[in-house]
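Novice:
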Amino acid sequence: MSKNYRIKTSCPQCGCSGATHLSEKELKERYGDLPNIELECHECMMVMEAEVEEDLSKE
1 MSKNYRIKTS CPQCGCSGAT HLSEKELKER YGDLPNIELE CHECMMVMEA
51 EVEEDLSKE
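Quick note on numbering: the working numbering labels position 45 of the sequence shown as 45, and the sequence is numbered without any gaps.
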């Protein structure tokens, strides 16, 4: 069974936040096998590090 991950962001500059859920395969396809993921804020374009954690919620 494949693991699912939750990526959470919170921009320190403008205060916007977001969360997305990806499977292990989707995560590796988008971001590679990196321990840290950097994302760009869609509001102010600041680059920030995202928090990635295993999603333990049952679907």
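Every residue, glycine too, gets a C-beta built ideally from N, C-alpha and C.
Predicted model, so just to flag it, every value in this text is computed and none were measured.
1) Out of H42, M46 and E26, point me to the one whose CA is closest to R6's CA.
2) Would you mind reading off the limits of the alpha helix (DSSP H) that contains E61?
3) Kindly give me the distance between the Cβ atoms of E38 and V47, rounded to whole angstroms, as I take these residues to be in contact under 8 Å.
4) Go to L27, then tell me how far its alpha helix (DSSP H) extends in each direction, as first and last residue.
5) Looking at the secondary structure, which residues open and close the beta strand (DSSP E) in which K8 lies?
Specialist: In terms of the structure at hand:
1) In the sequence shown, residue 6 corresponds to position 6, counting from 1. Nearest Cα to R6 within the set H42, M46 and E26: E26.
2) Residue 61 lies beyond the residue range present for the chain, which begins at 1 and ends at 59; the question has no answer from this structure.
3) The residue you call residue 38 lines up with position 38 of the sequence shown. The residue you call residue 47 lines up with position 47 of the sequence shown. With a Cβ gap of about 6 Å, E38 and V47 count as contacting.
4) In the sequence shown, counting from the first residue as 1, residue 27 sits at position 27. That run of the alpha helix (DSSP H) goes E24 to Y31.
5) In the sequence shown, counting from the first residue as 1, residue 8 sits at position 8. Start and end: N4 to S10.
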